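Asker: If you count the sequence shown from 1, you need to add 1127 to reach the working numbering. Cβ coordinates follow ideal geometry from the N, Cα and C atoms, glycine included. None of these values were measured; they are calculated from a predicted model.
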Amino acid sequence: MSKTVIPYQNQQGTKKEQVADMFNNISKTYDFLNHFMSLGIDIIWRKKAINELKNDKPQLILDVATGTGDFAFEALKILKPKKIVGVDISRGMLDIADQKIAKRNLADKFEVKLGDSEKLPFGADEFDAVTVAYGVRNFENLEKGLADINRVLKPGGKAVVLEFSKPKKFPVKQLYAFYFNYITPGIGKLFSKDARAYTYLPESVAAFPDGATFTGLMQKAGFKDTKCRPLAFGICSIYTGIK
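#1: When you compare only the Cα positions, how much space is there between D1275 and E1253?
#2: For S1129, which residues of its own chain have a beta-carbon under 6 Å away from its beta-carbon, when the five flanking residues on both sides are left out?
#3: Please tell me whether I1153 and D1321 are closer than 8 Å, where the distance is taken between their beta carbons.
#4: Using CA atoms only, rank isn't needed, just tell me which of K1230, A1147, I1365, K1347 is closest to K1293.
#5: In whole angstroms, give me the CA-to-CA distance for Y1327 and E1238.
#6: Since G1315 is in the beta strand (DSSP E), which residue starts that stretch and which ends it?
#7: Using only alpha-carbon positions, find the residue among K1227, V1214, Y1261 that is nearest to K1240.
#8: Assuming the contact rule is C-beta atoms closer than 8 Å, A1286 and G1194 should be a hit. Round their C-beta distance to whole Å, please.
#9: Classify Q1145 as buried or exposed, calling it buried when 16 or more other Cβ atoms lie within 10 Å of its own Cβ.
#10: Hey, could you find the ends of the alpha helix (DSSP H) S1342 is sitting in?
#11: Just the Cα atoms here: how many angstroms apart are F1360 and G1242?
#12: At the level of alpha carbons, what is the spacing between Q1204 and A1176?
#13: Which of the three DSSP states, helix, strand or coil, is assigned to I1369?
#14: Name, in chain order, the residues that DSSP records as bridge partners for S1364.
#15: State the start and end residues of the unbroken alpha helix (DSSP H) segment that holds L1199.
#16: Is I1228 buried or exposed, if buried means 16 or more other CB atoms sit within 10 Å of its CB?
#17: Sort out for me which residues DSSP pairs E1238 with in a bridge.
#18: Is it true that the CB of F1350 sits closer than 8 Å to the CB of N1265?
#19: Tell me whether A1251 sits in a helix, a strand or coil according to DSSP, three-state version.
#20: Under the assumption that E1267 contacts L1344 (Cβ atoms under 8 Å), give the Cβ distance between them as a whole number of angstroms.
#21: Can you give me the C-alpha to C-alpha distance between K1370 and D1255, rounded to a whole angstrom?
#22: Name the residue from K1209, L1247, A1251 whose alpha carbon lies nearest to the alpha carbon of A1234.
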């Protein structure tokens, strides 16, 4: 397993606690920086991930590490399920999501709650689909988190994970490394009150077991028919698995 990367090296607390603190700190600028730093491409990647569920027509979806809810709002638009439930460990991010839900009058379709990805506050076999966008690399115990996602899925239900990966080919690999290690922290420092969050980002991506290693972990957690679909020359990947 890869080494554990934490947001704040000089502070006490588990990775989970530090990640929650970090997202509380950056919640107000998170959406803006996300779209700005990816030049809006993150929206296209989200749509591609959501389309993995189009043929399944899930009616009850769990969005783990829902953050400010952008992925769930897009899923509501594309998949038109009866309901999406979002969980996240950051109260600050969920407060932004709640504001958006109220503004869009979607309280009957989308609700968010504080929750731990490794101890999801739901019973077994509850959801038709589970999604995680840019959240699994922040799990403290990846195997435990994947096993709990499997637990709350109905038999035959699908998990869709969207996560950054590491491009392998020249020159994308070199350009990506430069942007992520030098440009991203600089922009984060300029606009966010927590510059360390945007240094943690490339570190957490570098430490994440992507590609076949991740699909292997999904299989270990009980998923079958696992697939990895790289996007944008391997900058990002969509992983799917069936319970």
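Answerer: Put simply:
#1: 12 Å
#2: Unreliable placement is indicated for S1129, whose pLDDT of 47 sits below 50; the coordinate value is still reported in the next sentence. If we look at S1129 and ignore the five residues flanking it on each side, its Cβ neighbours are A1334, P1336.
#3: yes
#4: I1365
#5: 29 Å
#6: Note, G1315: premise wrong, no beta strand (DSSP E); alpha helix (DSSP H) at 1311-1318.
#7: V1214
#8: Rounded, the Cβ-Cβ distance is 18 Å, inconsistent with contact.
#9: buried
#10: This sequence places Thr at residue 1342; Ser is not what is there. It spans 1339-1347 - the alpha helix (DSSP H) in which T1342 sits, taken as one unbroken run.
#11: 33 Å
#12: Position check: residue 1204 holds Lys in this sequence, whereas Gln was assumed. Each residue's alpha carbon lies about 13 Å from the other.
#13: strand
#14: E1290, P1357
#15: Sequence inspection shows Ala at residue 1199; the Leu mentioned does not correspond to that position. Run containing A1199: 1197-1206, per the alpha helix (DSSP H) assignment.
#16: buried
#17: V1212
#18: no
#19: coil
#20: Their Cβ separation, rounded to whole angstroms, is 14 Å, which puts E1267 and L1344 out of contact at 8 Å.
#21: 10 Å
#22: K1209
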